[in-house]
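Heads up: the structure comes next, in structure tokens.
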Amino acid sequence: MSDQDFADRPATFREVLASGEYRALYLASALSWFGDYVARAAITALVYQQTGSVAASAATFAISYVPWLGFGPVLAALAERLPYRHTMVAADLGRMVLVALVAIPGMPVWAMIGLLFLTSLGNPPFDAARSALLAKVLTGDRYVVGMTLQATSHQAAQVAGYLSGAGLAAVNAQVALLLNAATFGVSALLVVFQVEHRPAALAKADRTHLLHETAAGLKLVFTAPLLRGVAIVVFLTALFAVVPEGLAAGWAAELAAGDQSRGWVQGAIMISNPVGFIIGGIVVGRLLGPKRRQRLISLFAVAVPASLAPALFDPPVAGVVVMSFLCGAATAAVIPATNGLFVQALPNAYRARAFGVMKSGIQVLQGLGVFVTGYLADRFSLHMVVGAWGLLGIALMVVAIVTWPSVEQISDEIARAKAMNEASEEAEAASDEAPSPPDRPDAERDIWGFPGGSPLGRAIGRARVVTHADDRWGDVAGGRPGYADEPSGRHGRRRISRPVGRIYSTGAARPDADQNVSRPSRIRPPGLAGDEPIEPLGAPGTDLMGAAAAAGLLGEPAATDPQWYPLAEPPGTDEWPAPNQTSWDPQRAHHRAVQQHAAHQQQRAEQSHHGDQRP
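Counting along the sequence shown from 1, when you hit position 611 you're at 611 in the UniProt record's numbering, and nothing is skipped either side.
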């Protein structure tokens, strides 16, 4: 088999399950899902038993979706600030304790709903961290097959959890809640002992404000052509695929011959959708290769709302069950394939935030789809509403497919993200291997003041900068000139509006004691305020002094100390990047440095000439 054939063949479940980390994540997720649905069914029944209110039981059921309506993307952004493993464990332990409190006998209904709301706040960061971590554990088509296995297991856990929860609620609802708490505890143990530790995706140096970071994730998803195209298709799929399940109760009331059979009809309609998802996911994932799945995304995407259109003809129970089954199968063909494209086009530092945006959008649009169709079904015939909803979905999905990015755009975005992620991983690996400068552990700070140095700064290399008079230590990545900030004042620093004096590489001899080098400092060029990162000059592995010399930042080596280089005078304000820019033009700096050097040489020549003419 050629390499190309091997790359295009579908990955197998055996290959996916061979990863110990994936097995741990899969089991942790499956246990959490099963426990969630068991508890959801049991707590809904428990609240109804205590209050006799349908509204109270419905509020209990719906409270788990509330965090996704507004808090979801923000909570998902938290997952970028901590190692993904830590986020998942903290979320599991917190939910375990809160669900156990709900199981206390005699707990008032308002307290139950409040505790369930707090429990649901752990879902966005846990789901975002798990999704981002899966993209690191599995790559290529193994990721798509792994996501298919996750999604089908989610549907199976939903069916099994609802059935088990309903059965336990009839006996003892507290047992179901304690079972849910136990699944969270087991999930945390699996993650702790089976998942490797990885550093946080968003370093301290790159953090701004949590809302700004959330907005950056939203901007990335809706501005990149491929990510935006995937988001539109997935959101439309969620908007229409949820309708058979959401309207199952009302549909069963129209189709059932009597009250006794209504429950069976409702159950058949609701279960047929996840069953179709499970079977469709297995068939598509095993029989179709990666390229063919990608080519068929448009066909399956249109098939999702098209499966609802036959409702216009008012089909019998069997017809509705088949429609719901086909809708679930088409959804299973769309979601993993688009998810595979989505993750390939994501920068590493945005994975959790981007997945949080997608998850929030899916939850909101699913609720919107059920609400709108339910509202219309109260005023018109239900089967006509579902059929018309399907026709609307076909039209919207065709528009989404027409605007779908081209093959070249998809390849370019994936290649760009891959190169960026590889550079980031290489920088991170190099930072772990980079030795610390000897005898000065207190000086181990990068341009952002982060102890130990930023990964990218350490990967490129370090240079020590010492001011003329204050003689403070500082670090600068990439050989850029800068200004020293003294740690003081309300924000912990004040600007010293005086250029840095000398620059020398890590390998150079340290200054002697009589040069009076003292406490650490931070370096920042004028025009950049706060903690905005400065783009380093030069790629990882670049000779830092050579890069600085090539950019015209260094003057002639001092004859008395060959390892010291006088720094050229700071460039004019037109050569520094504006506060909202990260680029810097070394050619302009080089041109100015050459002019300065020529003027300096001319001045020395004139002084020498005048000295020769003196009597």
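We put the CB at the ideal spot given by N, CA and C, even for glycine.
From residue i to residue j, what does the alpha carbon distance come to, in whole angstroms?
i, j, result
"Pro-405", "Pro-225", "6 angstroms"
"Phe-240", "Val-66", "20 angstroms"
"residue 635", "Gln-174", "What the structure shows of the chain is the stretch from 1 to 615, and residue 635 is not part of that stretch, so it cannot be assessed."
"Pro-73", "Leu-236", "19 angstroms"
"Met-96", "Gly-146", "26 angstroms"
"Val-398", "Ala-330", "15 angstroms"
"Val-195", "Met-270", "35 angstroms"
"Ala-156", "Gln-150", "10 angstroms"
"His-212", "Lys-219", "10 angstroms"
"Trp-282", "Arg-14", "Checking the sequence, you will find Ile at residue 282 rather than Trp. If you take the alpha carbons of Ile-282 and Arg-14, they lie about 13 angstroms apart."
"Leu-178", "Ala-256", "36 angstroms"
"Leu-75", "Leu-121", "8 angstroms"
"Ala-90", "Leu-392", "43 angstroms"
"Leu-27", "Ala-176", "19 angstroms"
"Phe-193", "Arg-23", "12 angstroms"
"Arg-142", "Arg-286", "11 angstroms"
"Leu-227", "Ala-39", "35 angstroms"
"Gly-106", "Ile-63", "20 angstroms"
"Val-357", "Val-343", "13 angstroms"
"Ala-11", "Phe-277", "19 angstroms"
"Val-265", "Ala-377", "18 angstroms"
"Gly-52", "Arg-198", "49 angstroms"
"Tyr-162", "Ala-200", "36 angstroms"
"residue 635", "Ile-232", "This structure gives no information on residue 635, because the portion of the chain shown stretches from 1 to 615."
"Gly-361", "Pro-124", "12 angstroms"
"Val-243", "Ala-423", "44 angstroms"
"Val-402", "Val-334", "16 angstroms"
"Tyr-48", "Ala-303", "38 angstroms"
"Trp-68", "Gln-366", "11 angstroms"
"Ala-417", "Ala-170", "52 angstroms"
Check residue i in the structure and name its three-state DSSP category.
i, result
"Trp-404", "coil"
"Met-107", "coil"
"Ala-303", "helix"
"Gly-52", "coil"
"Asn-172", "coil"
"residue 643", "Since the first residue of the chain shown is 1 and the last is 615, residue 643 is not available in this structure."
"Gly-140", "coil"
"Leu-121", "coil"
"Ala-39", "helix"
"His-383", "helix"
"Pro-225", "helix"
"Asp-514", "Residue placement at Asp-514 is poorly supported in this model, since its pLDDT is 38, which falls under 50; the coordinates still yield a value, given next. Asp-514: helix per DSSP, three-state reduction."
"Leu-376", "helix"
"Leu-82", "coil"
"Arg-286", "helix"
"Phe-184", "helix"
"Arg-198", "coil"
Confirm the yes/no value for this check: CB of residue i, any heavy atom of the ligand SAH, distance under 7 angstroms.
i, result
"Ser-261", "Among the components modelled here there is no ligand, and therefore nothing to report on the ligand SAH."
Any chance you could list the alpha helix (DSSP H) runs of at least 4 consecutive residues sitting entirely within the segment 293-374, in chain order?
297-306 and 317-344
Is it the case that the segment 335-351 contacts the segment 312-326, given that we only count it when at least three CB pairs across the two stretches are under 8 angstroms?
no
With a threshold of 8 angstroms, are at least 3 pairs of Cβ atoms found where one atom belongs to the segment 261-268 and the other to the segment 284-303?
no
Using 8 angstroms as the cut-off, can you tell me whether the segment 376-387 makes contact with the segment 242-258, which would need three or more C-beta pairs spanning the two stretches below that distance?
yes
Pairing CB atoms from the segment 127-141 with CB atoms from the segment 351-369, are three or more of them under 8 angstroms?
yes
On the three-pair Cβ rule with 8 angstroms, is the segment 182-191 touching the segment 85-100?
Here the segment 182-191 lies against the segment 85-100, with 3 or more beta-carbon pairs under 8 angstroms apart.
Tell me the start and end of each unbroken alpha helix (DSSP H) in the segment 233-280 that is at least 4 residues and wholly inside, in chain order.
243-246 and 248-255
Would you say the segment 104-117 touches the segment 304-312, given that touching needs at least three Cβ pairs under 8 angstroms?
no
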